[in-house]
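The opening residue of the sequence shown carries number 1 in the UniProt record's numbering; numbering runs sequentially from there.
Each residue gets a CB set at the ideal place from its N, CA and C atoms; glycine is no exception.
In this text the structure is predicted, and so the values were computed from the model without any measurement.
To start, the structure under review is shown below, and the notes come after it.
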Amino acid sequence: MKRSEKISAIMYKLLVEKGMDSFSVVDARNLLVALDAKYTDLAATRQVVYRQINKCLKQGWLVSTGVGRQKKFYVSDSLKEMIAGNKNALKASENKSKPNDYSVLLTELRESEGELKIVLGEIDEYRSLLKRFPELLLTIQPLLQDSKVRSATLLGKVNGLTKVLQTLHLEGSGC
């Protein structure tokens with residue numbers, strides 16, 4: 001049996017989601033920097049993109065023309081077929097799934113509540129450490145701010161999921 005081939009998350013974003021074709025390494029790097037905030041260092045991002053492009057070249061998913069900075073990469077027919085096959089399989093599986101199975105929302109709610117408790121615990125610990133070691137203010141303050149932002153995001157997610165589930169429950173019992 002043939003082993004399944006997986007495309008990296010970076011190349012999936014660039015080639016499948018954004019439909020890149022006829023691009024240079026710099027074009028791919030710039031798009032990745034625009035798409036993902038974690039890629040800020042242009043030189044390091046270019047290296048990551050270049051390595052991923054080389055892997056795709058070895059797999060036969062990309063074809064290149066030109067040399068040096070004039071080098072362009074094109075999506076090969078084999079990758080186009082693979083993408084089209086996966087989209088057809090996804091459509092078939094979506095049609096088979098139950099449209100009104102909202103148990104996933106309940107699972108997400110429970111996971112988000114658990115994450116929120118952890119983040120609130122982190123915030124308490126950072127505050128405790130600041131009281132005990134005020135000289136660590138510059139080290140702890142950014143961590144505390146990140147945790148506050150994460151807790152606000154998680155709280156919003158928990159509130160949204162709770163309201164949707166309550167609405168679904170009321171609609172279900174009213175019928």
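Going by CA-CA distance only, name the one from G66, S22, L143 that's closest to residue 176.
No information on residue 176 is available, as it lies outside the stretch 1 to 175 that the chain covers here.
Looking at C-alpha atoms only, which residue of F133, D101, D41 is the closest neighbour of G172?
Position 172 of the sequence shown, counted from the start, is the residue given in the question as residue 172. Comparing Cα-Cα distances from G172 to each of F133, D101, D41, the minimum goes to D101.
With a threshold of 8 Å, are at least 3 pairs of Cβ atoms found where one atom belongs to the stretch 113 to 123 and the other to the stretch 140 to 155?
Cβ pair count under 8 Å is three or more, so yes.
Using the DSSP secondary-structure output, state which residues sit across from T65 in a beta bridge.
Walking along the sequence shown from the start, residue 65 turns up at place 65. Paired residue(s): K72.
What beta strand (DSSP E) runs, 3 residues minimum, are completely inside the stretch 110 to 162?
Counting whole runs of 3 or more residues, the stretch 110 to 162 contains no beta strand (DSSP E) stretch at all.
Below 8 Å on the Cβ atoms is my contact criterion, and I expect L28 with V49 to pass it. Report the Cβ-Cβ distance as a whole number of Å.
Numbered from 1 along the sequence shown, position 28 holds the residue referred to as residue 28. Numbered from 1 along the sequence shown, position 49 holds the residue referred to as residue 49. Note that residue 28 corresponds to Ala in the displayed sequence, not to Leu. A28 to V49, Cβ: 5 Å. Contact.
For the candidate residues A44, K18, T162, K131, whose alpha-carbon lies nearest to that of S112?
The sequence position of residue 112 within the sequence shown is 112, counting from 1. Cα-wise, what sits closest to S112 is T162.
Cβ-Cβ separation, S78 to G60 (assumed contact under 8 Å), whole Å
Counting from one through the sequence shown, the residue named residue 60 turns up at place 60. Counting from one through the sequence shown, the residue named residue 78 turns up at place 78. Sure, about 6 Å apart at Cβ, within 8 Å.
What does a CB cutoff of less than 8 Å around Y126 pick up in its chain, not counting 5 residues either side in sequence?
Walking along the sequence shown from the start, residue 126 turns up at place 126. Result list for Y126: I140, L143, L144, S147, in chain order.
Smallest Cα separation from residue 193: which of K80, K131, V25?
Past the boundaries of the shown model lies residue 193; the chain is included only from 1 to 175, so the question cannot be answered.
Going by C-alpha to C-alpha distance, which of G68, E5, D41, K71 sits closest to K55?
Position 55 of the sequence shown, counted from the first residue, corresponds to residue 55. The alpha carbon of K55 has as its nearest neighbour, out of G68, E5, D41, K71, the alpha carbon of E5.
Between the Cα of residue 179 and those of G68, A37, N159, spot the shortest distance and give me the residue it belongs to.
Beyond the ends of the chain as shown, which are 1 and 175, falls residue 179; an answer cannot be given.
Measure the alpha-carbon distance for E108 versus K71 and round it to whole angstroms.
Reading the sequence shown from its first residue, position 108 is the one you call residue 108. Reading the sequence shown from its first residue, position 71 is the one you call residue 71. Approximately 45 Å, taken between the alpha carbons.
Do the CB positions of I118 and Q52 come within less than 8 Å of each other?
Within the sequence shown, the letter at position 118 stands for residue 118. Within the sequence shown, the letter at position 52 stands for residue 52. No, they are not a contact pair.
Where do the ends of the alpha helix (DSSP H) carrying Y50 lie?
Along the sequence shown, read from residue 1 onward, the residue named residue 50 stands at position 50. Start and end: 42 to 59.
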